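Undergrad:
Protein chains: 2
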Amino acid sequence: MSLKLRKNRSPAPGNICPLSKCLALLSGAWTPEIIWNLSAAPRRFTELRVDMPAISAKVLTTRLRHLEASGILARHVMPTSPPSVEYSLTALGAELLPAIATIAKVGDQLKFG
Amino acid sequence: MSLKLRKNRSPAPGNICPLSKCLALLSGAWTPEIIWNLSAAPRRFTELRVDMPAISAKVLTTRLRHLEASGILARHVMPTSPPSVEYSLTALGAELLPAIATIAKVGDQLKFG
DNA sequence: CAGTATCCGGTCCGATACTG
DNA sequence: CAGTATCGGACCGGATACTG
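Going down the list, the protein sequences come from chains A and B. Numbering of the first sequence is given in the UniProt record's numbering, commencing with residue 1 and proceeding in unit increments. Numbering of the second sequence is given in the UniProt record's numbering, commencing with residue 1 and proceeding in unit increments.
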């Protein structure tokens, strides 16, 4: 009968699918840092590289393209010379910030953090 | 799609570390689903396999061990025959739920979700 | 029931070199 | 400045087989 108690479990109403999808988006090395570095103000490509010295250009480009395609951030090309490109969070991307902050807080308390 | 965040890499000089660390924890295929499936009530190993038919025993074991080591969930062995093991979220793990819910909500609105 | 052991293909990421 | 191209090694996760 403890089986009976257990049978009724569905966690919450709803679909778990978006979960994996969005967490998949946040995954990938450097992704959270990128979002974090854009949270205060827009940044340019090279500025982001300075913020995260260890990231390679290739990976940074890949992440930015993915996040842009998903609507998390926007890319603005300024027609200057030399070219200048600015990245900024969208409203949707900004919605992630509180969640990320919460997760970071939990991260602080991890046993093997 | 795989959820990946290398833990050995990117020592990033920064101070955003808890962020990456915790997101690294949530990464790895199936991790969010596991936490979600434990959110309502404790579950046993095979019950989790039923909840997520596509996960392999190897990966499920790996995830559970990691989450346990981090203090996100607890493992209780019941001295029955056949053996029975119950997994449940810790208080710390429960703190992740609102953040995960928020992220899932954003996931719903992703352009290429 | 609750795992372990092993193999293996696919992916991710870093390093390096090059370009409009 | 803001990328692209390519290579190679690390790692991840699925499939399968086996165990106390």
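The C-beta atom is built at its ideal place from N, Cα and C for all residues, glycine as well. Since the structure is predicted, the reported quantities are computational estimates derived from the model, not experimental observations.
Can you tell me the Cα-Cα spacing of S27(B) and L96(B), whole angstroms?
TA: Using only the alpha carbons, I get a separation of about 13 Å.
Undergrad: What does P32(A) touch in chain B if you count any residue whose Cβ is under 8 Å from its own?
TA: Near P32(A) (Cβ distances below 8 Å), the residues of chain B are I16, L19, S20 and L23.
Undergrad: Return the residue from the list A29(B), V106(B) and L23(B) that minimises the CA-CA distance to G71(A).
TA: Here the closest residue by C-alpha is V106(B).
Undergrad: Taking just the CA atoms, how far does L25(A) sit from P42(A)?
TA: P42(A) and L25(A): Cα-Cα distance of roughly 20 Å.
Undergrad: Would you say the region 57-69 of chain B touches the region 29-38 of chain B, given that touching needs at least three Cβ pairs under 8 Å?
TA: Yes, the region 57-69 of chain B is in contact with the region 29-38 of chain B.
Undergrad: Which residues mark the beginning and the end of the alpha helix (DSSP H) in which L92(B) is found?
TA: Segment A91 to D108, the alpha helix (DSSP H) holding L92(B).
Undergrad: Can you name the residues of chain B whose CB is closer than 7 Å to the CB of V106(A)?
TA: Within 7 Å Cβ-Cβ: C22, L92, E95 and L96.
Undergrad: Check whether the Cβ of S10(A) lies closer than 8 Å to any Cβ atom in chain B.
TA: Model confidence at S10(A) stands at a pLDDT of 42, short of 50, so the residue's coordinates are unreliable; what they give is reported in the following sentence. Taking Cβ atoms only, chain B reaches closer than 8 Å to S10(A), which makes this a yes.
Undergrad: Which residue marks the beginning of the beta strand (DSSP E) containing A74(A), and which one marks its end?
TA: Segment L73 to M78, the beta strand (DSSP E) holding A74(A).
Undergrad: Determine the closest residue to L38(A) out of V77(A), L67(A) and P79(A), with distance taken between C-alpha atoms.
TA: Checked all of V77(A), L67(A) and P79(A); the closest Cα to L38(A) is L67(A).
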